[in-house]
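Asks: Numbering (the numbering used here), first residue to last: 8 to 245.
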């Protein structure tokens, strides 16, 4: 059954379609090598070689491990489509991960799992000073200590990243303390042995704090972070 608007009437407005102006590519296999067995097969399409930069990164808030990160550029003529990738090092197969869409000439980061010789320990403390009868601001001091131990015989350079929250409302103010404001005492270390602290750091507009830690063989280092959160009385969730 079809309903019309009558003689001389106009029909309903056309629904606008989706205008997809993305990149269109055609992938062609060199030759047909798939056996008609009904089983899935992998067919090589193209390949390229790119120089990779390897570094060690630690995000203690997310993981207690130091991870190996490879940074490379897609030097091929076609983009890399999003999907799973196999990880292979000189020692053999490492595992599998996923990458997003990578355009030609774009840089991509790939993780190759943890570095077994390095240990990371993170400790966080919070002190709260509520506003009194005449005050209007609550103050919370957050202190973070990250300790790294190198159990191997080779030096390791590690990029340690922590995060300072970013306030989006006027009723909450967040301010980092000086780089050397939080100094670990002898009693703060396991066994009472002092650990060299690294204070040189960078803070970007997203609140990410980064230290580059040079960790000699069989050595330990520590980084610390302190920031204060001031919130007006009545603000929930702070």
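Idealized CB from N, CA, C, for every residue including glycine. Here the structure is a predicted model, which is why all the values come from computation and not from measurement.
#1: For residue 35, does the count of other Cβ atoms within 10 angstroms reach 16, so buried, or fall short, so exposed?
#2: In the DSSP assignment, find the beta strand (DSSP E) that holds residue 159 and state where it starts and stops.
#3: Is residue 136 close to chain C? Criterion is C-beta to C-beta, closer than 9 Å.
#4: Go ahead and pull the three-state DSSP assignment for residue 145.
#5: First and last residue of the beta strand (DSSP E) that includes residue 97?
#6: Using the Cα positions of residue 190 and residue 120, report the straight-line distance between them to the nearest angstrom.
#7: Does the beta-carbon of residue 57 have 16 or more other beta-carbons within 10 angstroms, so that it is buried, or is it exposed?
#8: Hey, how far is the Cα of residue 181 from the Cα of residue 82?
#9: On the CB-based measure, 16 or more other CB atoms within 10 Å of its CB, does residue 135 come out buried or exposed?
#10: Taking three-plus beta-carbon pairs below 8 Å as touching, is the segment 160 to 179 in contact with the segment 207 to 224?
Replies: So, from the data block:
#1: exposed
#2: That residue, residue 159, is in no beta strand (DSSP E); it is neither H nor E in DSSP.
#3: Protein chain content of the structure displayed is limited to a single chain, and chain C is not contained in it.
#4: Look at residue 145 here: in three-state DSSP terms it is strand.
#5: No beta strand (DSSP E) contains residue 97, which DSSP labels as neither H nor E.
#6: 32 Å
#7: When all chains shown are included, residue 57 counts as exposed.
#8: 42 Å
#9: Answer is exposed; the Cβ neighbour count stays below 16.
#10: Between the segment 160 to 179 and the segment 207 to 224 there are three or more inter-stretch CB-CB distances shorter than 8 Å, so the stretches are counted as touching.
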